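**Q** Residue numbers (the numbering used here), protein chains in the order written: chain A, 165 to 402; chain B, 165 to 402; chain C, 165 to 402; chain D, 165 to 402. A virtual CB, placed ideally from N, CA and C, is assigned to each residue, including glycine. Note that this is a predicted model, so its numbers are computed, not measured.
Number of protein chains: 4
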Amino acid sequence: MVKKRITREEKRKQRHANLKTAATQIFAEQGYHETKVSQIVERVGVAQGTFYLYYEGKKPLFGELVNEFLQLFVTTISQWKFANLETLDILEVELHRIGLQLANLFVNKKDLTKIFFREALGVDEVFDTNVREFYEYVYDSLAAFNENLWTQGLIEKMNFRLLAIQTVGMIERVIKEFVVNETLANTELDEIVDHLVLNFLSGTRKNIQLKTHPELQAAAPALLSPKSPDRTLRTTWK
Amino acid sequence: MVKKRITREEKRKQRHANLKTAATQIFAEQGYHETKVSQIVERVGVAQGTFYLYYEGKKPLFGELVNEFLQLFVTTISQWKFANLETLDILEVELHRIGLQLANLFVNKKDLTKIFFREALGVDEVFDTNVREFYEYVYDSLAAFNENLWTQGLIEKMNFRLLAIQTVGMIERVIKEFVVNETLANTELDEIVDHLVLNFLSGTRKNIQLKTHPELQAAAPALLSPKSPDRTLRTTWK
Amino acid sequence: MVKKRITREEKRKQRHANLKTAATQIFAEQGYHETKVSQIVERVGVAQGTFYLYYEGKKPLFGELVNEFLQLFVTTISQWKFANLETLDILEVELHRIGLQLANLFVNKKDLTKIFFREALGVDEVFDTNVREFYEYVYDSLAAFNENLWTQGLIEKMNFRLLAIQTVGMIERVIKEFVVNETLANTELDEIVDHLVLNFLSGTRKNIQLKTHPELQAAAPALLSPKSPDRTLRTTWK
Amino acid sequence: MVKKRITREEKRKQRHANLKTAATQIFAEQGYHETKVSQIVERVGVAQGTFYLYYEGKKPLFGELVNEFLQLFVTTISQWKFANLETLDILEVELHRIGLQLANLFVNKKDLTKIFFREALGVDEVFDTNVREFYEYVYDSLAAFNENLWTQGLIEKMNFRLLAIQTVGMIERVIKEFVVNETLANTELDEIVDHLVLNFLSGTRKNIQLKTHPELQAAAPALLSPKSPDRTLRTTWK
DNA sequence: CATGAATGAGATTTCATTCAT
DNA sequence: GATGAATGAAATCTCATTCAT
């Protein structure tokens, strides 16, 4: 008896999980609008109506997935503790650590990450609001963090909110290339994080003594558009 | 006779332009999927069928707009000439100049910018490919530019492609906030560009002499999630 | 052992009754089509499948309820005995008595009455036939009764079937207003029955001697549509 | 040119009319819930989508039809003028006239009448409200009319609202039998109206002098349920 | 060229009923 | 008997695109 009940409950959970997994995959593959409920149930091997036993509809499910991602993110960053960031060296190490932590989140939740970065916006007004709230939250957190670093004399005084936005953008695009598009797949995650941290801290500038070697500075040829300066992009689609 | 032919031709062009303008606006306002062909023709004041005399369909038109944006971008950056970037000071000034130039492009083409950043991805596989090619192009250009700066001894040796990606992300998100979401609307464009350039060059690190004032460096308390550490995000949608 | 069997049987009967009660209520509240089987079982607190152990389906249950109402009605009127309707006074008293009897049936079975008057028709062709047969039966009975009254010289000769139909209509609408819509709730049941009986017998006409007082008869102004002669009714629904 | 435009406009009107006609017929035949949009378009011979060019949906169309009926009714009765109802004879003639007028409305709009009497209630809450408002309006009008007759000494003092309700019921059921069920089809419309008017005025009672002939009054046998006193009605449906 | 009515494929969603446990 | 998850047929409605006028 007890066993039977467990079995049924487990079956239910299994099905729920299967549906979510299938939906996540297909959303990640095709995006929200191209994904049909029929595809989801087909992949799981259940009837169309079954879907609606577990989810109120396609949109609510999508919202749930997006929120799961946001939740994971928020949970992760809200756990960070920065007790003793006394020196730049310590800061660098810490930043590297949390950078890797975050990167792993994205890598482990590749499909959710794809979903978020491909179509979190534009599906529904309510979603949009939610996502924008999320960004505000991240900006605020990061700006406060930066300001604190300044208080400690670790970084320069600057527009900390703008800095936060820039930082988010940096990370975002790298994530997109690494996880979503997989164009950075051949680069070590560690190297990437390292790069981001160093760049965040020091920018690109050659250190001061270089100024004493102007002989190194040659004339720079026009550089951009190395492939095809007048490159034309496809214009027609069916 | 001749006059009539011209008039007719002009009318045609006018209509073409009107349709494109209307479509651009509505795509920017509502996104691709929420935009109905009926809305576009209604705004222009022509019949539904007329739309198809000027465009092969909704998707091709959208593709055209996205490409127009890409084209504008490519045209802009491919014109940059960096003849004499002899010193960091010159570089800084130059970067500021082209940064403003780019920013103005986005501001002037606000609708196209919105379209691109909201939904360039996820509408169609072909679009996606095209956009990805575009990004590759930008990365390559930027990486080459960065490498050249290094050659001139202006910047440090680093992973220039990764640097390019980071830079693109930085700019992208700032643009999104400034042009698309208008959350940065109260910040001067000049300040923003300045910030980006300085950050690109120097990062955030306090310069060296600070190290001689360790008394400024206090212990940093945990800082993130200033609003609500356990923040819960909405989970249900209809 | 024996006790268990009884208990089980009783349980079954109880469940059957519960389901019927719940269904009756919800049908009365929402009508046939708005009522979902899920709502019925939820109110009773049993599983969806259990419903089908007691009833063959939603429609058969509804039919059963409608028939229960018809049965009650038929039982009531078939018990009426009219042994000595010798005078109009006796007739009036008798009519009042059976009128009240009927009225109490409707009041006591308010939900069944609502069900019958709201949706007995239009749910199923078979139901419709059944209901029509019922009406025929009532018409026939009433016509025979009326004809008998005539035989006894109590009422005028007229089209007794038509009279029966009229009478049914009179009663029907009053019931609808009193029981179903409750717009007559502030009127005493006794007064209503009284009114119906008197009207059945004497109509509305002022008795003869009035004709000797023609001074009472003033010119009648146009009277209908006291609220708004050109009243417009809502035309659109979603 | 002009001709072409007219043709198109006419075609449109024709199609609109066809859809309405088909819908009216099928609603009248099968009722609201059994009627499918697919049946309507099939009968007209147009595509499914065409339906939605002319009507916002099935429910709004139904509402439109119900309201058309109500409108016709209101228009009819609001035009009645009762200038000189000086005597009962004149009243009788007038009532007969308007009774016929109303009856003809129902006969001419048989389908709308069927729709109204079969399913005006129970399809939608908004409809219900509308219909109930309509009944209130009719009751009010009729009660005022009756009261006026009393003011003129033509009829007895009574509960005029209740009288109105009774009258509406009388008419309603006769209409249902005559128009909807067609069980009175063999009776002359004129006779029916006559009957209703006489009954309204004089009821059924034998006039006074009959009381002097008690020999006519025989004992009445039990009369009701002439067909089958214990008649059982069908109980099961699929 | 322009029109705009018509098309119809296709997607979401509901819910009475079934049936394995 | 009871359960309740699963079923799947069926219905409504949308909208990009076509094509006769």
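Looking at C-alpha atoms only, which residue of D:L313, D:D292, D:V343, D:T399 is the closest neighbour of D:K278?
**A** By 1-based counting over the fourth sequence, the position of residue 278 of chain D is 114. The residue with the shortest Cα to Cα distance from D:K278 is D:V343.
**Q** Going along chain C, which residues have a C-beta under 9 Å from D:E283?
**A** Along the fourth sequence, one-based indexing puts residue 283 of chain D at 119. By Cβ distance, chain C contributes E283, L285, G286.
**Q** Counting Cβ pairs closer than 8 Å, one from the stretch 192-202 of chain D and one from the stretch 261-269 of chain D, do we hit at least three?
**A** Contact between the stretch 192-202 of chain D and the stretch 261-269 of chain D is absent, because fewer than three Cβ pairs lie under 8 Å.
**Q** Taking the beta carbon of B:I241 as the centre, do at least 16 other beta carbons fall within 10 Å, making it buried, or is it exposed?
**A** Here residue 241 of chain B refers to the residue found at position 77 of the second sequence. Looking at its Cβ environment, which holds 16 or more other Cβ atoms inside 10 Å, B:I241 is buried.
**Q** Identify which residue in C:R325, C:G213, C:Y218, C:Q194 has its Cα closest to the Cα of C:R176.
**A** Taking the first residue of the third sequence as 1, we reach residue 176 of chain C at position 12. When each option's Cα is compared against that of C:R176, the closest is C:Y218.
**Q** When you compare the CB of A:T188 with every CB in chain B, is at least one pair closer than 8 Å?
**A** Reading the first sequence from its first residue, position 24 is the one you call residue 188 of chain A. Not an interface residue.
**Q** Which chain C residues sit within Cβ distance under 7 Å of D:V290?
**A** The sequence position of residue 290 of chain D within the fourth sequence is 126, counting from 1. Within 7 Å Cβ-Cβ: W401.
**Q** CA-CA distance, D:N312 and C:L318?
**A** Translated into the one-based positions of the fourth sequence, residue 312 of chain D becomes position 148. Translated into the one-based positions of the third sequence, residue 318 of chain C becomes position 154. Answer to the nearest angstrom: the Cα atoms are 31 Å apart.
**Q** Cutting at 7 Å between CB atoms, please list the residues of its own chain near C:N268, excluding the five before and the five after it.
**A** The residue you call residue 268 of chain C lines up with position 104 of the third sequence. Nothing listed; no residue qualifies.
**Q** Looking only at its own chain, which residues have a Cβ that is under 8 Å from the Cβ of C:R296, when we skip the five neighbours before and after it?
**A** The residue given as residue 296 of chain C occupies position 132 in the third sequence. Closer than 8 Å at the Cβ level, and outside the excluded window around C:R296, lies no residue.
**Q** According to DSSP, simplified to helix, strand and coil, what is D:R398?
**A** By 1-based counting over the fourth sequence, the position of residue 398 of chain D is 234. The answer is coil: DSSP assigns D:R398 none of H, G, I, E or B.
**Q** Give a yes or no on contact between the stretch 183-191 of chain C and the stretch 206-216 of chain C, applying the rule of three or more CB pairs nearer than 8 Å.
**A** With the cut-off at 8 Å, the stretch 183-191 of chain C and the stretch 206-216 of chain C touch.
**Q** Using the Cα positions of A:G209 and A:N345, report the straight-line distance between them to the nearest angstrom.
**A** Residue 209 of chain A sits at position 45 when you count from the first residue of the first sequence. Residue 345 of chain A sits at position 181 when you count from the first residue of the first sequence. Cα to Cα, the separation comes out at about 29 Å.
**Q** Using a Cβ cut-off of 8 Å, pull out every chain B residue sitting near A:N231, in sequence order please.
**A** Mapped onto the first sequence, residue 231 of chain A falls at position 67. Here the neighbours are L397, R398, T399.
**Q** Under 8 Å between the Cβ atoms of A:V230 and B:R337?
**A** Taking the first sequence and counting its residues from 1, the one referred to as residue 230 of chain A is at position 66. Taking the second sequence and counting its residues from 1, the one referred to as residue 337 of chain B is at position 173. No, the Cβ-Cβ distance between A:V230 and B:R337 is not below 8 Å.
**Q** Taking CB distances under 8 Å as the criterion, tell me whether B:H417 reaches chain A.
**A** Absent from the structure is residue 417 of chain B, since the part of chain B shown begins at 165 and ends at 402.
**Q** I want to verify the contact list: residues of chain C whose CB lies under 8 Å from the CB of D:I329, in sequence order.
**A** For this step, residue 329 of chain D is matched to residue 165 along the fourth sequence. Under the 8 Å cutoff, chain C gives R337, V338, E341, L348.
**Q** Of the residues D:E174, D:A181, D:A192, D:L252, which one's Cα is nearest the Cα of D:L362?
**A** Within the fourth sequence, numbered from 1, the residue matching residue 362 of chain D stands at position 198. D:L362 has its Cα closest to that of D:L252, out of D:E174, D:A181, D:A192, D:L252.
**Q** I need the boundaries of the alpha helix (DSSP H) containing A:L365, first residue and last residue.
**A** To locate residue 365 of chain A, count along the first sequence from 1; it is residue 201. Counting along the chain, the alpha helix (DSSP H) containing A:L365 begins and ends at 353-366.
**Q** Starting from the Cα of D:V302, find the closest Cα among D:E256, D:G227, D:F324 and give me that residue.
**A** The count along the fourth sequence starts at 1 and reaches residue 302 of chain D at position 138. When only C-alpha atoms are compared, the closest one is D:F324.
**Q** Using a Cβ cut-off of 7 Å, pull out every chain B residue sitting near A:V332, in sequence order please.
**A** Counting from 1 along the first sequence, the entry for residue 332 of chain A is found at position 168. R337, listed in chain order.
**Q** Can you name the residues of chain A whose CB is closer than 7 Å to the CB of B:F298?
**A** As a first step, residue 298 of chain B must be located in the second sequence, where it is residue number 134. Chain A residues near B:F298: L397.
**Q** In angstroms with no decimal places, state the Cα-to-Cα distance between B:D292 and B:G227.
**A** Here residue 292 of chain B is taken as the residue at index 128 of the second sequence, counted from 1. Here residue 227 of chain B is taken as the residue at index 63 of the second sequence, counted from 1. Between B:D292 and B:G227, the C-alpha separation is close to 10 Å.
**Q** Looking only at its own chain, which residues have a Cβ that is under 6 Å from the Cβ of B:R369, when we skip the five neighbours before and after it?
**A** Stepping through the second sequence from its first residue, residue 369 of chain B is reached at position 205. Nothing listed; no residue qualifies.
**Q** Between which two residues does the alpha helix (DSSP H) harbouring C:N294 extend?
**A** Within the third sequence, numbered from 1, the residue matching residue 294 of chain C stands at position 130. It spans 289-315 - the alpha helix (DSSP H) in which C:N294 sits, taken as one unbroken run.
**Q** Is A:H260 close to chain B? Criterion is C-beta to C-beta, closer than 8 Å.
**A** Residue mapping note: residue 260 of chain A aligns to position 96 of the first sequence, counting from 1. It does not: the Cβ of A:H260 has no partner Cβ on chain B nearer than 8 Å.
**Q** Taking Cβ positions only, does D:I279 come closer than 8 Å to chain C?
**A** By 1-based counting over the fourth sequence, the position of residue 279 of chain D is 115. So no, D:I279 is outside the interface.
**Q** Assuming D:H260 is part of the alpha helix (DSSP H), what are its boundary residues?
**A** Here residue 260 of chain D corresponds to residue number 96 of the fourth sequence, with the count starting at 1. Run containing D:H260: 252-272, per the alpha helix (DSSP H) assignment.
**Q** Could you list which residues in chain D have their beta carbon closer than 8 Å to that of C:T351, in chain order?
**A** As a position in the third sequence, residue 351 of chain C is number 187, starting the count at 1. Result: N323, L326.
**Q** If I follow the unbroken alpha helix (DSSP H) through D:N196, where does it start and stop?
**A** Here residue 196 of chain D is taken as the residue at index 32 of the fourth sequence, counted from 1. The sequence as given places Tyr at residue 196 of chain D; Asn does not occur at that position. That residue, D:Y196, is in no alpha helix (DSSP H); it is neither H nor E in DSSP.
**Q** Does the beta carbon of D:I356 sit closer than 8 Å to a beta carbon anywhere in chain C?
**A** In the fourth sequence, the residue the question calls residue 356 of chain D occupies position 192. Cβ-Cβ to chain C under 8 Å: yes for D:I356.
**Q** Whose C-beta lies closer than 8 Å to the C-beta of B:A384 among residues of the same chain, with five residues either side of it excluded?
**A** Taking the first residue of the second sequence as 1, we reach residue 384 of chain B at position 220. At B:A384, the pLDDT of 36 sits below 50, so the modelled position is not reliable; the number obtained from the coordinates is stated separately. Result list for B:A384: empty, nothing under 8 Å.
**Q** Here's the rule I'm using: 16 or more other beta-carbon atoms within 10 Å means buried, otherwise exposed. How should B:R282 be labelled?
**A** Along the second sequence, one-based indexing puts residue 282 of chain B at 118. Buried: at least 16 other Cβ atoms inside 10 Å.
**Q** In whole angstroms, what is the alpha-carbon distance linking B:W244 and B:F191?
**A** The residue labelled residue 244 of chain B in the question sits at position 80 within the second sequence. The residue labelled residue 191 of chain B in the question sits at position 27 within the second sequence. B:W244 and B:F191: Cα-Cα distance of roughly 30 Å.
**Q** Give me the chain B residues within the contact set of A:L266, using Cβ-Cβ distance strictly less than 8 Å, ordered along the chain.
**A** Numbered from its first residue, the first sequence carries residue 266 of chain A at position 102. Within chain B, no residue comes near A:L266; the closest Cβ sits about 12 Å away, beyond 8 Å.
**Q** Would you please verify whether the beta carbon of D:L360 is less than 8 Å from any beta carbon of chain C?
**A** Here residue 360 of chain D refers to the residue found at position 196 of the fourth sequence. Yes, D:L360 counts as interfacial toward chain C.
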